[in-house]
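Q: According to our numbering, the sequence shown is numbered sequentially starting from 3. Cβ atoms here follow ideal geometry from the backbone N, Cα and C, with glycine treated the same way.
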Amino acid sequence: MNPDKIIKEELLATLTGLRWSLLSLRYGGIADWPHMAGLETMPAKGPSHIGQPATEHENSVDGEKVLSSIQQDLGDCTRCRLHRTRTRIVFGEGSVGASIVFVGEGPGFEEDQQGRPFVGRAGKLLDKMIRALGLAREQVYICNMVKCRPPDNRTPNSDEIEVCSPFLVKQIEAIRPQVICALGACSAQNLLHSTSPISRLRGKIHHWRGIPLVATFHPAYLLRNPAQKSAAWHDLVELLRIVSG
Ligand code: URA
3 MNPDKIIKEE
13 LLATLTGLRW
23 SLLSLRYGGI
33 ADWPHMAGLE
43 TMPAKGPSHI
53 GQPATEHENS
63 VDGEKVLSSI
73 QQDLGDCTRC
83 RLHRTRTRIV
93 FGEGSVGASI
103 VFVGEGPGFE
113 EDQQGRPFVG
123 RAGKLLDKMI
133 RALGLAREQV
143 YICNMVKCRP
153 PDNRTPNSDE
163 IEVCSPFLVK
173 QIEAIRPQVI
183 CALGACSAQN
193 LLHSTSPISR
203 LRGKIHHWRG
213 IPLVATFHPA
223 YLLRNPAQKS
233 AAWHDLVELL
243 RIVSG
């Protein structure tokens, strides 16, 4: 390999390592989630195809076609009772070339109004978590176990999850991220077919169809239980380790 390229790659690896160490020092073990003052000014990486070899860019174009055909199949879905009370379907959004897919529970009020995942209070915290990883929201992919808001924000029923899951499976398979982050008990338990509490599912690396999966607390839970934010930070560091593997 060209010596300049080797030096550049080593420098990049050192800087990435340094960034993690600084972030861990800054956030590890603290009770409140970071205010992100310094980090917010850090430039986020550009669109995922910039700097990618042509074939990778072509793959993302194909992936986008696959995602839109999944959305077309979903159509104006009436497959379960949730369609009766929803305002909009929340399909999911982000980069088809994402290295991380975040999977939440189901749309809340704001998401139902806007047709976009995680745009309410919990979404603002998720945005901060993503920024803490050194990523922009557009660089990851965000979706939910169910695509329609359960009435009164109740947890989706297992039959609703079952009907919706072929679409979620296809979405994740189209992206084939380096890691899945399951946000909260509903997502972690259903993706892993487990009944263990989230406190037992987090803190280790699982696999979903061959893709590493890290479970962490749901941002809405973190808003109510800020003392758990440091544990969530450790889960994010695990995500970074896998992505940079
Ligand atoms: N909570 C979720 O689980 N998903 C959203 O999209 C918003 C809030």
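Grab me the residues of ILE177's own chain with a C-beta within less than 7 Å of its C-beta, minus the 5 sequence neighbours each way, in chain order.
A: If you number the sequence shown from 1, residue 177 lands on position 175. These residues qualify, in order along the chain: GLY65, VAL98, ALA100, VAL103, TYR143.
Q: For THR17, count the other beta carbons within 10 Å of its own beta carbon; 16 or more makes it buried, fewer makes it exposed. Which is it?
A: Locating residue 17 in the sequence shown gives position 15, counting from the first residue. Checking the sequence, you will find Leu at residue 17 rather than Thr. So LEU17 counts as exposed.
Q: As a quick check of your reading: which residues have a C-beta less than 7 Å from at least one non-hydrogen atom of the ligand URA, in chain order?
A: Going by the Cβ distance cut-off, the answer is VAL92, GLY106, GLU107, GLY108, PRO109, GLY110, GLU113, PRO119, PHE120, GLY122, ALA124, GLY125, ASN146, LEU185, GLY186, HIS220, ALA222.
Q: Quick one: what's got a C-beta closer than 7 Å to ASP78's C-beta in the same chain, skipping five residues either side?
A: Counting from one through the sequence shown, the residue named residue 78 turns up at place 76. If we look at ASP78 and ignore the five residues flanking it on each side, it has no Cβ neighbours.
Q: Could you tell me if ILE8 is buried or exposed, where buried requires 16 or more neighbouring beta carbons within 10 angstroms of its beta carbon?
A: For this step, residue 8 is matched to residue 6 along the sequence shown. Exposed, by the Cβ-count rule.
Q: Would the beta-carbon of ILE244 fall within 8 Å of that of GLN180?
A: Working through the sequence shown from its first residue, we reach residue 244 at position 242. Working through the sequence shown from its first residue, we reach residue 180 at position 178. It is a contact, given that the beta carbons lie within the stated cut-off.
Q: Can you give the beta carbon distance from ILE204 to ASP237, rounded, assuming they're within the 8 Å contact cut?
A: In the sequence shown, residue 204 corresponds to position 202, counting from 1. In the sequence shown, residue 237 corresponds to position 235, counting from 1. Looking at the sequence shown, residue 204 is not Ile but Arg. About 6 Å separates the two Cβ atoms, so the contact holds.
Q: Classify ARG211: buried if its beta carbon has 16 or more other beta carbons within 10 angstroms, exposed otherwise.
A: Taking the sequence shown and counting its residues from 1, one reaches residue 211 at position 209. With fewer than 16 other Cβ atoms within 10 Å, it is exposed.
Q: From LYS231 to LEU224, what does the alpha carbon distance come to, in whole angstroms?
A: In the sequence shown, counting from the first residue as 1, residue 231 sits at position 229. In the sequence shown, counting from the first residue as 1, residue 224 sits at position 222. Their backbone Cα atoms lie some 6 Å apart in a straight line.
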